[in-house]
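Colleague:
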Amino acid sequence: MLTLLKKCQLNQQIRPIDFHFAKFMAELGADNLMQLAAALTSQQLGGGHICLPIDKMGGLFHQHCLQLALDSQQESERLNVSCIFHDQQQAHYQLNESLCCGDDAPLRLQYSALFMARYAEFEQLISDKLLQPIPIQVDVASKGYLEKLFTPQYGFIWDAWQTDTHQSIQMLCEKYLDVVDSTSVDWSAVTQCFHHAGSAKDLVLLESLIPNKVRCDWQKISAALALTSARCIISGGPGTGKTTTVVKLLALLLNAQPDLMIKMVAPTGKAAARLTESITNALEELDLGNLMDGQKAPNIPTDASTIHRLLGVRNNSAHFRHHAGNQLTLDLLLVDEASMVDLPLMAKLLSALPDHARLILLGDKDQLASVEAGAVLGDICSFIELGYSQQKAQQLAELTGFDCLLSQGKHAQATMSDNLCLLRKSYRFDQFSGIGYLASAVNKGGVTAAKLSALCEQYDDLAYYANDADNAADFERLVVEGYKPYLSELCVIHQGNRDKAKTLLNAFNDFKILCATREQEWGVDTLNHRCEKLLQKAGLLMRRFDMTQTWYVGRPVMVTENSYHLGLFNGDIGLCLEDEHGQLRVYFVMPDGSVSDFQPSRLPAHQTVFAMTVHKSQGSEFKHTLLALPDYALPVMNRELIYTGITRAKKRLTLIADLALVASSVRNRASRNSRLTERLSAH
């Protein structure tokens, strides 16, 4: 078996670490089947999978033999592992009996799948923590405050009505008041209310004409869920109001418990900075004191940090200062961009969570999973379709007044679904937004090349160019137009204008090129090089720049490895600028909004970032996103990647791609093998 696996390694079908793990197991006395299982389990982990399902061993073995021009059936019989094809029950039994598999062994066989031991422990820890029974007392005043915080925005409805008084009033109300039972509404009375109204204040009559019992506001439901559950997972796409909802629910919790210690984190520095900015902006827009009977607005925290910073990094160690034996000091932990958190990091975070503490996870279940192993948020959110238990549905209906929840009570016993809420409506994209329509169509899998082309023709915020030589001039124009605003404002940075560095970084981040891969023609490396040449040709990169120099004024870089002592983390983006002494420095906006600068030579591993992968773009948004995809099929081209790329765009999306290939890629779903859902179901 080791001879065959060595051939696979030399042919780059498996990694050296996969082969050496199998060799290590052989030294422990593992038979051929266990050696094969060890190599495949390690290989699958490298591909983001948490485990190796026994029923997939045969298919993987066949693929490896095929690439070596070997007959997989003959090889399996020669190596005495044919049970992976003909008798999986025997394979399961044989693996389970091995001394290399068990509680004190390197591998675990659980739920008909093989795990690296610590990954099985990570999954079980997450499951135990999420389903840990924690009694929750709901403050009696919460229902009234919940009602005030989520009062319909009649001013917004009035403005929408005034833009077109000939539009359907019923459709307007169904959209903005979340009407789910239209048959119980007297629409003639509602129409009269609109026609007799002289201002937004007059629309308050709609409270009695369209009462809560015929409505279903999922933002309000998610806040009620957080009030009643120690574990609350809220999933929603861009513009569904996750941040606004969180600010309101934190206000509710702080109103009942003013000394509640809250910590907010995100997986990367840029995601933490964006969370800080979003919370700050939401607080400025919401008049919480007025919404809560004129009371003093709760002191909602605005500073978010990275998960690594919260847990406390130790130099030259994979272990954190905070863990199960030295837990965090907090009462509520809010994790944003939870889809980006891999299984090991989520396990370490939850192990450091005190037993009494609340947990709120925010994210978009339909985005790409984490770069490293696992799809934690996706696995958790797979329970959403189950609906709430009868007890939870009744509790939420009483708090919100939404009778629609009573029909959600589909089962008697509480499950993981009682901790979940899906925000279904985007407030960012209106009926004139092609970005929102395209994202929804891709997410549902219902796109063809013809439909994609028609959408790009129909909507002003969408544009499309084929990725061929005929459109090279269009690509050049888009790059120059996209990056000219920040490059034309480059200046010397000194103590009196350090905020200018932040302004320049914000301007740089208004436009971004996203790619599916790093290599090849439409990959990050090639496009970054093309951008540098195009911008130099346009006269926008001149100072201290020629094609032999690495550093130049205006160079954007992205950190690709963590540097705990510098406070820089994988994914952080900085800008090379000149200081008052004529020296080049690289400026970063830190999670707290401050500006830090470093000598280029001190930076950890980094790369130029005019273009970046879609994976690296998670946690970011850009006014104009240029999604450049290859014209050939790749395993990474799937629905989740394309949806994530589309939803990075706030105002404008340009697609450079083969539309037929995009349509076929949307039918390709990304999936990662794990058993977290089984563990959560087993409780």
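Counting from 269, one number per residue, gives the positions in the sequence shown under our numbering. We treat Cβ as the ideally placed atom computed from N, Cα and C, and that holds for glycine.
Under a three-way DSSP split, which group does T881 fall into?
Modeller: If DSSP states are grouped into helix, strand and coil, T881 belongs with the strands.
Colleague: Do I914 and Y732 have their beta-carbon atoms positioned less than 9 Å apart in this structure?
Modeller: Going by C-beta atoms, Y732 is not nearer than 9 Å to I914.
Colleague: According to the Cβ coordinates, are A534 and G887 closer than 9 Å?
Modeller: Yes, Cβ-Cβ distance for A534 and G887 is below 9 Å.
Colleague: Tell me which residue opens and which closes the beta strand (DSSP E) that G714 is part of.
Modeller: Neither: G714 is in no beta strand (DSSP E) and is coded neither H nor E.
Colleague: Have a look at the DSSP bridge pairing and note the partners of P401.
Modeller: P401 is not bridged to any residue.
Colleague: Spell out a yes or no on whether the stretch 310 to 318 and the stretch 370 to 389 are touching, meaning 3 or more CB-CB pairs, one atom from each, closer than 8 Å.
Modeller: Enough Cβ pairs lie closer than 8 Å, so yes.
Colleague: Measure the C-alpha to C-alpha separation of L618 and E391 and round it to an integer number of angstroms.
Modeller: If you take the alpha carbons of L618 and E391, they lie about 11 Å apart.
Colleague: Using CA atoms only, rank isn't needed, just tell me which of T431, K481, A465 and G466 is closest to T239.
Modeller: Coverage of the chain is limited to positions 269 through 951, which leaves residue 239 absent and any answer about it impossible.
Colleague: Use the C-beta contact count for N583: other C-beta atoms within 10 angstroms, 16 or more gives buried, fewer gives exposed.
Modeller: Result: exposed.
Colleague: Express the C-alpha separation of S410 and A709 in angstroms, rounding to a whole number.
Modeller: Answer to the nearest angstrom: the Cα atoms are 38 Å apart.
Colleague: Taking C-alpha atoms, which residue in L688, Y855, H874 and A873 lies nearest to F970?
Modeller: Residue 970 is absent from the model: the chain starts at 269 and stops at 951.
Colleague: Of all the alpha helix (DSSP H) runs that stay within the bounds of the stretch 601 to 667, which reach a length of 4 or more residues?
Modeller: Fully enclosed alpha helix (DSSP H) runs of 4 or longer: 611 to 619 and 644 to 649.
Colleague: What would DSSP say about L382, mapped onto helix, strand or coil?
Modeller: Here L382 sits in strand by DSSP.
Colleague: Could you give the distance in angstroms between the alpha-carbon of L627 and the alpha-carbon of Q525?
Modeller: Going by the C-alpha atoms only, they are around 16 Å apart.
Colleague: Determine the DSSP secondary structure at F779, reduced to helix, strand or coil.
Modeller: DSSP places F779 in strand when its eight states are reduced to three.
Colleague: Any idea which residues DSSP pairs L834 with across the strands?
Modeller: BP columns for L834 are empty, so no partner.
Colleague: So I318 packs on G704, CB below 8 Å; how close in whole Å?
Modeller: Actually they are not in contact, since the Cβ atoms of I318 and G704 sit about 33 Å apart, beyond 8 Å.
Colleague: Using the C-alpha atoms, what's the distance from F287 back to A491?
Modeller: Those two C-alpha atoms are separated by around 49 Å.
Colleague: For L520, which of Q281, L895, L493 and S607 has the nearest alpha-carbon?
Modeller: With distances taken between Cα atoms, L520 lies closest to L493.
Colleague: Which residues in the same chain have their Cβ closer than 6 Å to the Cβ of I530, if we skip the five residues on either side of it in sequence?
Modeller: Excluding residues within five positions, the ones whose Cβ falls inside 6 Å are P569 and L600.
Colleague: Flag F743 as yes when its Cβ comes closer than 8 Å to any non-hydrogen atom of the ligand ATP, and as no otherwise.
Modeller: Ligands in the displayed structure: none, and consequently the ligand ATP is not present.
Colleague: Could you give the distance in angstroms between the alpha-carbon of Q342 and the alpha-carbon of C333?
Modeller: Q342 and C333: Cα-Cα distance of roughly 10 Å.
Colleague: Grab me the residues of T716's own chain with a C-beta within less than 6 Å of its C-beta, minus the 5 sequence neighbours each way, in chain order.
Modeller: Correct list, in chain order: A931.
Colleague: Going by DSSP in three states, A524 sits in which element: helix, strand or coil?
Modeller: Correct three-state label for A524: helix.
Colleague: A741 to T881, Cα distance in whole Å?
Modeller: For A741 and T881, the distance between alpha carbons rounds to 23 Å.
Colleague: What's the C-alpha gap between G504 and H849?
Modeller: So the alpha carbons of these two residues sit roughly 47 Å apart.
Colleague: Counting along the chain, where does the beta strand (DSSP E) carrying D865 start and finish?
Modeller: Unbroken beta strand (DSSP E) run through D865: V863 to F866.
Colleague: Assess contact between the stretch 745 to 763 and the stretch 940 to 951, defined as three or more Cβ pairs (one per stretch) separated by less than 8 Å. Is contact present?
Modeller: Contact between the stretch 745 to 763 and the stretch 940 to 951 is absent, because fewer than three Cβ pairs lie under 8 Å.
Colleague: Can you list, in chain order, the residues of its chain whose CB lies under 7 Å from that of M614, leaving out five sequence neighbours each side?
Modeller: Result list for M614: I394 and V644, in chain order.
Colleague: What does a CB cutoff of less than 6 Å around L518 pick up in its chain, not counting 5 residues either side in sequence?
Modeller: The answer, listed in chain order, is I568.
Colleague: Relative to the C-alpha of A498, which candidate in C441, D427, Q405 and K416 has its C-alpha closest?
Modeller: When each option's Cα is compared against that of A498, the closest is Q405.
Colleague: Assuming Y733 is part of the beta strand (DSSP E), what are its boundary residues?
Modeller: Here the beta strand (DSSP E) through Y733 covers L730 to Y733.
Colleague: Could you give the DSSP three-state label for L375: helix, strand or coil?
Modeller: Correct three-state label for L375: strand.
Colleague: Just to confirm before moving on: does the CB-CB distance between Q356 and G326 stay below 9 Å?
Modeller: Cβ distance < 9 Å, so Q356 and G326 count as in contact.
Colleague: DSSP three-state call for P321: helix, strand or coil?
Modeller: Strand, per DSSP.
Colleague: For N523, which option in V448, M826, K488 and Y413 has the closest C-alpha, if you only look at C-alpha atoms?
Modeller: If we check each option's Cα against that of N523, Y413 comes out closest.
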